[in-house]
Amino acid sequence: MLDKKLNNIKSPDLSKLKEVIIDHRTKIYVSPDTDIEKAKENYLNRIARRKP
-3 MLDKKLNNIK SPDLSKLKEV IIDHRTKIYV SPDTDIEKAK ENYLNRIARR KP
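Sequential numbering of the sequence shown, starting at -3, is according to the working numbering.
Below you can see the structure in the form of structure tokens.
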């Protein structure tokens, strides 16, 4: 008989990350040494490429 394997996925500890507010309903979390403005720009560029 086969035993079911458990998926052990570790989520990042948000208390160790920096919060970047994109707009009133969107937040992303980045490492503490990341530039906030650059992270926000990268996120917005990635979203803009998805839209047809």
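Backbone N, C-alpha and C define an ideal beta-carbon position, used for all residues, glycine too.
Item: DSSP state of I18 mapped onto helix, strand, coil; Value: strand
Item: 8 Å Cβ cutoff met for I24 and A35; Value: yes
Item: Supposed contact pair I18 and Y39 - C-beta distance, whole angstroms, cut 8 Å; Value: 6 Å
Item: I32 versus K12: straight-line alpha-carbon distance, rounded; Value: 15 Å
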